[in-house]
Amino acid sequence: MPRYLPSLNALKAFEAAGRHQNFTLAANELFVTQGAISRQVKQLEEYLGFPLFERRGQTLQLTAAGKQYLAAIKEALDTMDEATQSLIQQFRPNETLTISVLPSLSSRWLIPKINQFKQQHPHLQLNIITSDNSDALFEENVDIVIRSSKEKSWSRVDATWLMNEELIPICSPDLLQKNYPINTVDDFHHYTLLEHTSRKHMWRNWFKQHNSKEPTEKRLGFEHYFMLIQAAQEKLGIALVPRFLIEQELTSHSLISPIPTPCTSRYSYYLITRKMKQIPQKISLFKEWILFICQASSTSN
């Protein structure tokens with residue numbers, strides 16, 4: 101007999117929202133927008149014919165029906181997840197997927213998100229290596245390379261655009277409390293500027309965008325973005341870094357942006373693979389996943 105079942109995506113959205121009692125946290129977990137969670141829950145409520153949540157201003161609470169349904173749906177989703185992973189591990193051969201990624205992008209952005217991909221594809225053995233070499237991309241049996249570049253067209257490889265690089269100045273809030281207040285761009289002249297040693301033009305472009313003269317003194321250089329972020333946390337000065345690398349710190353206010361106007365750099369991020377007639381499934385799976393999270397991230401900002 102036919103089963104009376106709503107959309108699986110709607111059930112997943114409801115289960116995450118009910119567990120967190122929060123649409124935004126559910127969206128972060130599922131790597132979708134808060135609006136997508138809201139639409140899926142509304143669709144489920146319309147399908148059932150009664151509300152699952154009570155919305156009181158900014159608070160979200162499960163109704164009596166919602167509490168009963170959440171317990172059953174959570175158990176059902178857990179059972180399906182366990183059955184699927186068990187079957188894959190038993191009958192699907194393991195494959196190795198090796199990804200070469202920029203050091204800062206790896207530690208500050210990819211690793212915090214990668215567990216979702218691993219849970220979806222447990223048959224893949226992931227090897228993540230860090231490199232900023234753009235001359236020999238596919239050493240050490242590398243399948244996928246993620247690099248930043250000013251290139252818009254690629255001749256000897258296949259490159260898929262992931263996202264632009266939006267730069268903002270950041271610093272520790274303690275730095276401003278103990279020193280000169282920043283009200284205008286010219287107030288940056290009172291501070292040490294932390295600069296990327298291979299991209300010394302970044303501050304110049306930022307000051308030019310703000311119609312201000314770039315200070316030439318008080319500089320401290322670092323090779324990678326993750327080093328600039330750490331230096332800012334240590335109150336060594338003001339750094340200019342991609343916003344997507346420090347979203348968590350901005351949310352927790354452990355780092356602040358004294359003038360949050362972004363500056364689009366000349367660099368973008370690309371997923372790069374060898375040119376081939378038929379793309380292996382393991383590469384397609386990762387490419388589909390990372391494009392999805394990049395799109396979700398840009399939509400939520």
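Numbering (my numbering), first residue to last: 101 to 401.
From the three backbone atoms N, C-alpha and C, an ideal C-beta is built for every residue, glycine too.
- Scanning T230, S207, S204 and F191 for the CA closest to the CA of P222 turns up F191.
- Nearest Cα to G157 within the set N122, K335 and V242: N122.
- Taking C-alpha positions only, L262 is separated from S255 by approximately 18 Å.
- A residue is called buried when at least 16 other Cβ atoms come within 10 angstroms of its Cβ; V257 does not meet this threshold and is exposed.
- Between S204 and H324, the beta carbon gap of about 5 Å places them in contact (Cβ cut-off 8 Å).
- Counting only the Cα atoms, F217 lies some 7 Å from W389.
- Membership of V141 in any beta strand (DSSP E) is not indicated; the residue belongs instead to the alpha helix (DSSP H) covering Q134 to L148.
- Nearest C-alpha to L226 among Q134, L108, L237 and N194: N194.
- Contact annotation: the stretch 286-295 does not touch the stretch 376-393, with fewer than three C-beta pairs closer than 8 Å.
- Only residues of its own chain outside the window of five on either side were considered, and among them I356 have a CB closer than 6 Å to the CB of P273, listed in chain order.
- Taking one beta carbon from each stretch, the stretch 207-216 and the stretch 302-309 have fewer than 3 pairs nearer than 8 Å; the two do not touch.
- An exposed status is given to M180, since fewer than 16 other beta-carbon atoms sit within 10 Å of its beta-carbon.
- Between the C-alpha atoms of Q277 and A332 there is a straight-line separation of about 14 Å.
- Residue F322 holds the alpha-carbon nearest to the alpha-carbon of S298 among F344, T292, E251 and F322.
- Sequence-distant Cβ neighbours of V132 in its own chain, meaning closer than 6 Å and more than five residues away, are A396.
- Between Y369 and E265, the gap from beta carbon to beta carbon is short of 8 Å.
- When DSSP states are grouped into helix, strand and coil, G118 belongs to the helix group.
- About 7 Å separates the Cβ atoms of E115 and L170, confirming a contact at the 8 Å cut-off.
- Counting other Cβ atoms within 10 Å of its Cβ, T292 reaches 16 or more and is therefore classed as buried.
- The Cβ-Cβ distance between L267 and L340 falls below 8 Å.
- If you look at T316, you'll find it isn't in any beta strand (DSSP E); DSSP assigns it neither H nor E.
- In this structure, DSSP gives W254 a state outside helix and strand, which the three-state scheme calls coil.
- Between E154 and Q161, the beta carbon gap of about 5 Å places them in contact (Cβ cut-off 8 Å).
- Beta-bridge partners assigned by DSSP to E388: none are found.
- Judged by DSSP in its simplified three-state form, R156 adopts strand.
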